[in-house]
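Student: In this note's numbering, the protein residues as written are 22 to 537.
We put the CB at the ideal spot given by N, CA and C, even for glycine.
Please read these numbers as outputs of a predicted model, since none were measured by experiment.
(1) Should residue 22 go down as buried or exposed, given a rule of 16 or more other Cβ atoms within 10 Å for buried?
(2) In whole angstroms, what separates the C-alpha of residue 27 from that of residue 78?
(3) Determine the extent of the alpha helix (DSSP H) in which residue 110 is found, giving its start and end residues.
(4) Ordered along the chain, which non-local residues of its own chain (more than five positions away) have a Cβ less than 8 angstroms from that of residue 202?
(5) Contact defined as beta carbons within less than 8 angstroms: I believe residue 70 pairs with residue 184. What is the distance between those atoms, to the nearest angstrom?
(6) Which full runs of the beta strand (DSSP E) of 3+ residues lie inside the region 377-420, going along the chain?
(7) State buried or exposed for residue 281, treating a residue as buried only when at least 16 other CB atoms are found within 10 Å of its CB.
(8) State the DSSP-derived secondary structure class of residue 518, mapped to helix, strand or coil.
(9) Give me the Cα-Cα distance between residue 405 and residue 173, rounded to the nearest whole angstrom.
(10) Is the CB-CB distance between residue 210 and residue 81 below 9 angstroms?
(11) How would you write the range of the alpha helix (DSSP H) that residue 466 sits in, first residue to last?
(12) Along the chain, where does the alpha helix (DSSP H) containing residue 258 start, and where does it finish?
(13) Return the chain-ordered list of same chain residues with a C-beta closer than 6 angstroms to the C-beta of residue 376, the five sequence neighbours on each side being excluded.
(14) Exposed or buried, which one is residue 372 when buried takes at least 16 other CB atoms within 10 Å?
(15) Name the two residues that bound the continuous alpha helix (DSSP H) containing residue 161.
(16) Rounded to whole angstroms, what's the CA-CA distance from residue 408 to residue 352? Just pull it up for me.
(17) Measuring only the C-alpha atoms, how far is residue 152 from residue 227?
(18) Can you look up residue 218 in the DSSP assignment and give me helix, strand or coil?
(19) I need the DSSP call for residue 252, collapsed to helix, strand or coil.
(20) Do the CB positions of residue 76 and residue 158 come within less than 9 angstroms of each other?
(21) Which two residues bound the contiguous alpha helix (DSSP H) that contains residue 459?
(22) Determine the extent of the alpha helix (DSSP H) in which residue 133 is found, giving its start and end residues.
(23) Give me, in chain order, the residues of the same chain whose beta-carbon lies closer than 7 angstroms to that of residue 294; leave out the 5 immediate sequence neighbours on both sides.
(24) With C-beta atoms as the reference, is residue 358 less than 9 angstroms away from residue 445?
(25) For the pair the region 253-267 and the region 127-141, tell me if three or more CB-CB distances fall below 8 angstroms.
(26) Nearest to residue 133 by alpha carbon, out of 95, 145, 156, 341?
(27) Rounded to the nearest angstrom, how far is the Cβ of residue 438 from that of residue 431, given a contact under 8 angstroms?
(28) Going along the chain, which residues of its own chain have a beta-carbon closer than 8 angstroms to the beta-carbon of residue 135, five neighbours each way excluded?
(29) Do you know whose CA, among 291, 346, 200, 83, lies nearest residue 221's CA?
(30) Would you say the region 389-397 touches the region 240-256, given that touching needs at least three Cβ pairs under 8 angstroms?
(31) Using only the alpha-carbon positions, how far apart do residue 459 and residue 492 sit?
(32) Under the three-state reduction of DSSP, which class applies to residue 247: helix, strand or coil?
(33) State buried or exposed for residue 100, treating a residue as buried only when at least 16 other CB atoms are found within 10 Å of its CB.
(34) Does residue 520 pass the burial test, meaning 16 or more other C-beta atoms within 10 Å, or should it be called exposed?
(35) Taking 9 angstroms as the cut-off, decide whether the C-beta atoms of residue 149 and residue 269 are in contact.
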């Protein structure tokens, strides 16, 4: 079984720049950007929950959920934009990139108008039937969804712009827009609610923020959009074939990661959705933060695949996996151990009681999910997006079986327990398929090259954190324990690093500290 060939025409590409500094630079920018998003949400959420209540906060999060649902209408062309921009942007020869991007933007804008109109006409049905919003909140939900419908073209254009920046490896701009999209809406929501405005005013701010940011993102990516290029006709069939495969995966992703809200609405009160989405939202932000290393890796994987550098790609894959686990493992361990204290200090005892164990189950599930990031990115870069698609089918099937069984018995803990089981079922399947097909790599080689050095300090940190979590109190104790835990982990991980990796990290840090 062979991978689908890239649609790029034959050419003599320039050698790729050294990847070590590029991945570290990209990772640092992703950490700053996603760290900013996480901090914004941590600061805004207590105020939003206090002002809106669990049910109103659930409605606030549904703005983003519904906008994400509408993105299904671009049929995977967002991922196509990322891949083809990554493959063509660094080439000095003429390419069809500019024409391809302009055509794709037009298609996506047409889809946004259709989707927005459909949402507006069906807004009360979506709120009441799909998400289980009660009669007392239905009118308000309808007005919120009307603003989301109006924002659809802007939301689509903003996502198109950030996809272009991502594919072009302009990670600074990409992360700025990611942080601004979350930050501007959250800040506007806090200001409006503090001045006595309603959730409908927050939805209007959602529209305004996306409109302004969409214009800025398209301007930031204008050098790709305005390229004088070859005819895009020869590459369009391959582009749409790839995008169609990715659309199937995205559809399954939405069903997997957003359908939980539909099941909660069917079996539980909307207030329970509020308790659940707090945990779920933190996990998503933590996921983005932990993806600081794997995030910039995809365009580099696509670039290496386009150049045919198979051996270099394999070494790069192992090192990025090792580095990414050194980010995700300590955060996962500390979050699991100290989340009851954090929720109690942050949102109060009710949230600590209701949300702590769902969060713990979700963060354990997230570790397995995170371990599939890079294998899936490699499969997509190799032109085989059907691999993550079929794995998503397996995961969704498991969830559809488990949710109706576990939610009535265990409430929102049942939602999280089903996610945990599904993720740990799929993760080893993903690694086995991708490694066998593209890398010819056995489990022993992969574990020694990617898991051993970050995994050993994580086990020690887990033991220490579990012993300490019941003895820590207050914000000072929480922050001190977290800081000491991270320092212990990264010092231990540094000691275990091989000399080549130490030299790479040291030289990169020296370059950042050197006066410009």
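Tutor: Taking the definition as stated:
(1) The pLDDT assigned to residue 22 is 35, lower than 50, so where the model puts this residue is not dependable, and the model offers no usable value.
(2) Unreliable placement is indicated for residue 27, whose pLDDT of 42 sits below 50; the coordinate value is still reported in the next sentence. Their backbone Cα atoms lie some 44 angstroms apart in a straight line.
(3) 98-110
(4) 179, 230, 231, 234
(5) About 32 angstroms; that fails the 8 angstroms criterion.
(6) none
(7) buried
(8) coil
(9) 30 angstroms
(10) yes
(11) 464-467
(12) 257-288 is the span of the alpha helix (DSSP H), which, as asked, contains residue 258.
(13) 296, 299, 300, 364
(14) buried
(15) 156-188
(16) 28 angstroms
(17) 20 angstroms
(18) coil
(19) coil
(20) yes
(21) Where residue 459 is concerned, there is no enclosing alpha helix (DSSP H), given that its DSSP letter is neither H nor E.
(22) Start and end: 118-142.
(23) 79, 282, 285, 286
(24) no
(25) no
(26) 95
(27) Between residue 438 and residue 431 the beta-carbon gap is near 6 angstroms, inside 8 angstroms, which marks them as a contact.
(28) Cβ contact annotation for residue 135 (same chain, cutoff 8 angstroms, sequence separation greater than five): 94, in chain order.
(29) It is 83 whose Cα lies nearest to the Cα of residue 221.
(30) no
(31) 48 angstroms
(32) In this structure, residue 247 counts as coil in the three-state DSSP scheme.
(33) With 16 or more neighbouring CB atoms inside 10 Å of its own CB, residue 100 falls in the buried class.
(34) exposed
(35) The beta carbons of residue 149 and residue 269 sit no closer together than 9 angstroms.
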